[in-house]
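Numbered continuously in my numbering, the sequence shown closes out at residue 328.
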Amino acid sequence: MLSVKRLLNVLAAALVAAGAASVERAFAKECGVVGGPRYVLLGSSKAEYVVTTKGVDCSFAILWMLRLAPKRVSGSFPSLEGGPAGWNCRAVKMQGTPTAALGSCISGSRAFTWLPRPRRATGR
């Protein structure tokens, strides 16, 4: 199973490849924790995501995350069909979860991403 750090590295590499000027500036706004479809991460079933954006409202990003995250994916970094018109959306297939639990959509300088919420330091 891929670790969270490895998944984030894959997503960051994809953003750079897609033309983001720098990974640090790729997502300027965090929309907070959002409930969504269940996924398995490090042996735990969860349904919480962290959504981040650059150049779009959180409501837009959350709406599309809720539409795209339940889609079944195959392969290591597949394109996601059915995203916003004119946007390039991709997902990372996580072992144990058939859906797009981690993904991003990019259109020019605008972007949004959703990531599984990491475990809290307290272990909850």
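Each residue gets a CB set at the ideal place from its N, CA and C atoms; glycine is no exception. Only a predicted model underlies this, so the values are computations on that prediction, with no experimental measurement involved.
Check                                                                                          : Outcome
Extent of the continuous beta strand (DSSP E) run through ARG242                               : 233-245
Given ALA315 as reference, the closest of ALA265, ALA251 and GLY247 once Cα atoms are compared : ALA265
Within 7 angstroms, strictly: CB atoms of VAL277 and ALA251                                    : no
Three-state secondary structure (DSSP) of ALA265                                               : helix
Pairwise C-alpha distance: THR301 and TYR243                                                   : 5 angstroms
For ARG321, three-class secondary structure by DSSP                                            : coil
VAL260, enclosing beta strand (DSSP E) - first and last residue                                : First-last for VAL260: undefined, no H or E at that position.
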